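Quick note: the sequence shown, position 6, residue 6 per our numbering, numbers continuous. Just so you know, even glycine gets a beta-carbon here, dropped at the ideal spot from N, CA and C. Since this is a predicted model, take the numbers as computed values, not measurements. Data block below; observations after.
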Amino acid sequence: MTVPTESLTEELTWILGIQAELSKASGGPRFNHKITLLKTTKSVLFFKNSYQYTDAEKKIVFCLRNDTRKSILHSILRKPGITNKDITEAFHLDKSTVRWHINELHNEELVHFNSDGKYKRCFINPAIEADVERVISESGPAISAN
1 MTVPTESLTE ELTWILGIQA ELSKASGGPR FNHKITLLKT TKSVLFFKNS YQYTDAEKKI
61 VFCLRNDTRK SILHSILRKP GITNKDITEA FHLDKSTVRW HINELHNEEL VHFNSDGKYK
121 RCFINPAIEA DVERVISESG PAISAN
């Protein structure tokens, strides 16, 4: 078997396929349900399978690894309808940094936007708002805005 060279994605797919075949044959951890995976828009997340978290909660946990994103998500949760400008001023961050983090949260379907004239107001996805609140409260304090 030859390794495809067209793209990194194909190469990784090939490698993971080989690993999966070997793991199946040997009864490896993934196939004994000790490890779960969750595909996001940009990565694959691996979790110890404790049957504790839903897929939405796993995405939230992954996003909370970054302190800036955690603080932004916490601000959106505490002040629904907050704007990019409000977050920029509260945390003294560059507007492009805030926009990037908010877009990452949006891509993972954790937040959504409503247009209000020239402003985009940010809201937590109502379907997972309770999950966001619970996971944030369990994860410890976020950086607070002044």
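Only buried fits SER71, as 16 or more other CB atoms lie within 10 angstroms of its CB.
Three or more Cβ pairs drawn from the segment 99–114 and the segment 72–85 lie within less than 8 Å of each other, which places the two stretches in contact.
According to the DSSP assignment, ARG134 belongs to the alpha helix (DSSP H) that extends over 129–139. In this structure, CYS122 sits away from ILE60, with a CB-CB distance that is not shorter than 8 Å. Boundaries of the beta strand (DSSP E) harbouring LYS120: 119–124, taken from the DSSP string.
Short of 6 Å from the beta carbon of HIS106, and not among the five residues preceding or following it, lies no beta carbon of its own chain. ASN84 is classed as buried because its beta carbon has at least 16 other beta carbons within 10 Å across all chains shown.
In the three-state scheme derived from DSSP, where H, G and I count as helix and E and B as strand, ASP116 is classed as strand.
If you ignore the 5 residues before and after TYR119, its C-beta comes within less than 6 Å of the C-beta of THR83, all in its own chain and listed in chain order.
DSSP places ARG99 inside the alpha helix (DSSP H), whose first and last residues are 95–107. Per the C-alpha coordinates, the member of ALA56, ASN114 and LEU64 positioned closest to PRO80 is ASN114.
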